[in-house]
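Under this note's numbering, the first residue of the sequence shown is numbered -17, with each subsequent residue one higher.
For every residue, glycine included, the Cβ atom is placed at its ideal position computed from N, Cα and C.
Notes follow once the structure below has been shown.
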Amino acid sequence: PQERLDNLMRQAGNKFCADCGSSEPKWV
């Protein structure tokens, strides 16, 4: 669900993509 994804994106450790290093990744 979108709410769970939103919660994950707000966590401090999720500011950068683990694969490419992009800031503020969007998981779609």
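List the whole-angstrom C-beta distance separating residue i from residue j, where the pair is believed to meet the contact cut-off of C-beta under 8 angstroms.
i	j	result
Ser32	Lys(-3)	It is not possible to answer for residue 32, since the shown part of the chain is limited to -17 through 10.
Nearest-angstrom Cα distance between residue i and residue j?
i	j	result
Arg(-14)	Gly(-5)	15 angstroms
Asp1	Pro(-17)	23 angstroms
Please report the residue range of the alpha helix (DSSP H) in which residue i lies.
i	result
Gln(-7)	From DSSP, Gln(-7) is part of no alpha helix (DSSP H); its letter is neither H nor E.
Spatial neighbours of residue i within its chain, please: C-beta separation below 7 angstroms, excluding the five flanking residues on both sides.
i	result
Cys(-1)	Pro7
Leu(-10)	Asn(-4)
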